[in-house]
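Protein chains in written order, with this note's numbering: chain A, 3 to 250; chain B, 2 to 218. Each residue gets a CB set at the ideal place from its N, CA and C atoms; glycine is no exception. Computed from a predicted model, the values in this text were never measured in an experiment. Presented below is the structure to which this report refers.
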């Protein structure tokens with residue numbers, strides 16, 4: 003039983019996610035020390051979970067730190083089903099539905115063609131899963147964790163914010179691509195089966211007209227889709243939306 | 002296994018080898034150095050990477066809880082007795098240490114035993130700046146009932162009639178928090194202090210979230 007006004011205490015209180023993140027930041031050098039160059043996301047998360055799980059200060063914050071935690075959803079009839087794998091979940095006790103979930107994504111990944119931000123994936127395959135309540139449903143908080151591989155956190159932050167707002171950030175003009183790069187891109191484009199450009203320009207929004215405007219590749223791809231995906235495709239109005247759908 | 006665990010394992014093996022050699026050299030059994038068992042414990046804790054609070058849970062379990070679960074005939078149960086000064090001090094210290102990290106870097110928690118009688122004690126926690134941090138203190142000049150009545154009138158908060166029936170009573174008053182605790186040793190173990198700190202942090206989480214939700218956007 004608690005009485006009185008706790009505002010003086012809450013004003014200086016640090017929440018669980020703040021404290022957990024503080025430990026992650028403190029342990030990050032220990033985690034990266036064993037990782038190879040340009041590690042994949044799962045490899046980073048696995049090592050992070052291993053390192054955090056062994057840290058006595060971090061361990062005080064949770065009952066269990068689970069890698070690839072699968073939260074359950076329930077159908078109206080009460081049938082439980084997995085809502086997909088979250089990257090990491092902090093379980094506070096043995097209660098399965100009370101957890102602090104972390105969806106992890108790499109950012110600013112160095113590659114052959116320079117650094118790729120992956121900010122769009124961060125928003126579309128990360129933040130969106132919280133917005134749609136796929137993860138952390140009925141919970142007050144859900145967290146994203148960005149592994150900034152080139153260490154440039156300020157650029158990563160700007161790009162993620164732009165990705166979330168759906169805008170492109172002001173950036174410096176790109177340097178001219180080398181003839182070899184141009185050749186490689188052309189080769190890729192030529193190899194890729196594509197929809198009829200003339201048909202793509204049409205802006206009709208009925209299912210049949212979409213189907214008729216598809217190339218063989220598009221029809222094959224659509225045949226592979228589940229019913230729900232087909233309906234989503236049918237609802238796609240713009241050319242960009244349809245292309246995104248076909249190429250995802 | 003990290004380097005800390007490896008070095009602890011090597012030291013443990015060294016200690017055990019040393020003890021075996023001693024036994025083989027002397028046919029008459031020598032009394033064991035009293036520091037050896039605590040040294041063994043310390044190395045085991047290091048081997049498993051236990052922190053201060055993990056160690057408190059293990060030691061309370063081994064020294065107090067397990068012996069009380071199956072007491073020997075004629076032995077009083079230690080968890081039932083009234084906590085002495087050192088128990089209360091250990092509790093206060095563990096509570097302050099466990100609770101302080103939940104607040105910003107400049108904050109600390111002072112623990113004072115405001116009042117007590119034969120059954121109950123009133124503990125006051127004060128959230129202070131780190132420079133004003135004090136060790137656990139006790140004030141023995143006040144009675145629990147009178148202090149609670151004064152607080153109740155001051156804050157205009159109705160209090161439960163029987164604290165034995167209301168577990169974990171907590172009363173916030175500005176930067177102070179009053180807790181009513183039964184004077185039985187099981188409530189004054191270091192593991193109880195850690196549990197109290199966790200329960201308080203959970204309540205503050207809820208209060209923090211509700212406060213934020215109700216703020217005008």
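Residues of chain A with a Cβ closer than 7 angstroms to the Cβ of residue 170(B) are, in chain order, 3.
Take the alpha-carbon of residue 28(A) and the one of residue 89(A): they are about 20 angstroms apart. In this model, residue 46(A) and residue 21(A) are separated by some 20 angstroms (Cα to Cα).
The straight-line gap separating the alpha-carbon atoms of residue 18(B) and residue 11(B) is approximately 11 angstroms. Annotation: residue 119(A) to residue 114(B) spans about 56 angstroms, alpha carbon to alpha carbon. Taking the CA atoms as reference points, residue 10(A) sits about 34 angstroms from residue 51(A). In the DSSP annotation of this structure, the continuous segment of the alpha helix (DSSP H) that includes residue 32(A) starts and ends at 18-34.
For residue 15(A), the chain B residues whose Cβ falls inside 7 angstroms of its Cβ are 103, 104, 205, 209, in order along the chain. A Cβ of chain A is located within less than 9 angstroms of the beta carbon of residue 53(B). Not flagged as an interface residue toward chain A: residue 188(B), since no C-beta distance is shorter than 9 angstroms. Any Cβ of chain B closer than 9 angstroms to the Cβ of residue 8(A) would place that residue at the interface, and such an atom is present.
A direct Cα-Cα distance of roughly 32 angstroms separates residue 165(A) from residue 94(A). A straight line joining the alpha-carbon of residue 170(B) with that of residue 149(B) spans about 11 angstroms.
Assignment of residue 68(A) by DSSP, reduced to helix, strand and coil, places it in the strand class.
The beta carbon of residue 83(B) is closer than 6 angstroms to those of 184 in its chain, skipping five residues each way along the sequence.
For residue 23(A), not one C-beta of chain B is nearer than 9 angstroms to its own C-beta. With respect to the C-alpha of residue 110(A), the residue from 160(A), 23(A), 19(A) having the closest C-alpha is 160(A). Within the region 125-152 of chain A, the residues whose Cβ lies closer than 9 angstroms to any Cβ of chain B are, in chain order, 142, 143.
Secondary structure at residue 84(B): coil, using DSSP grouped into helix, strand and coil.
For residue 8(A) and residue 8(B), the gap between their C-alpha atoms comes out near 46 angstroms. The beta-carbon of residue 62(A) is placed less than 9 angstroms from the nearest beta-carbon of chain B. By the neighbour-count definition (other C-beta atoms within 10 Å, threshold 16), residue 34(B) is an exposed residue. With a contact defined as Cβ atoms closer than 8 angstroms, residue 109(B) and residue 134(B) qualify at about 4 angstroms. Take residue 107(B), set aside five residues on each side of it, and the residues of its chain with a beta-carbon closer than 7 angstroms to its own are 130, 131, in chain order.
Contact note: residue 128(B) reaches chain A through 10, 11, 14, using a C-beta cutoff of 8 angstroms and chain order. Neighbours of residue 158(B) in chain A, taken as residues whose beta carbon is under 7 angstroms from its own, are 5, 6 in chain order.
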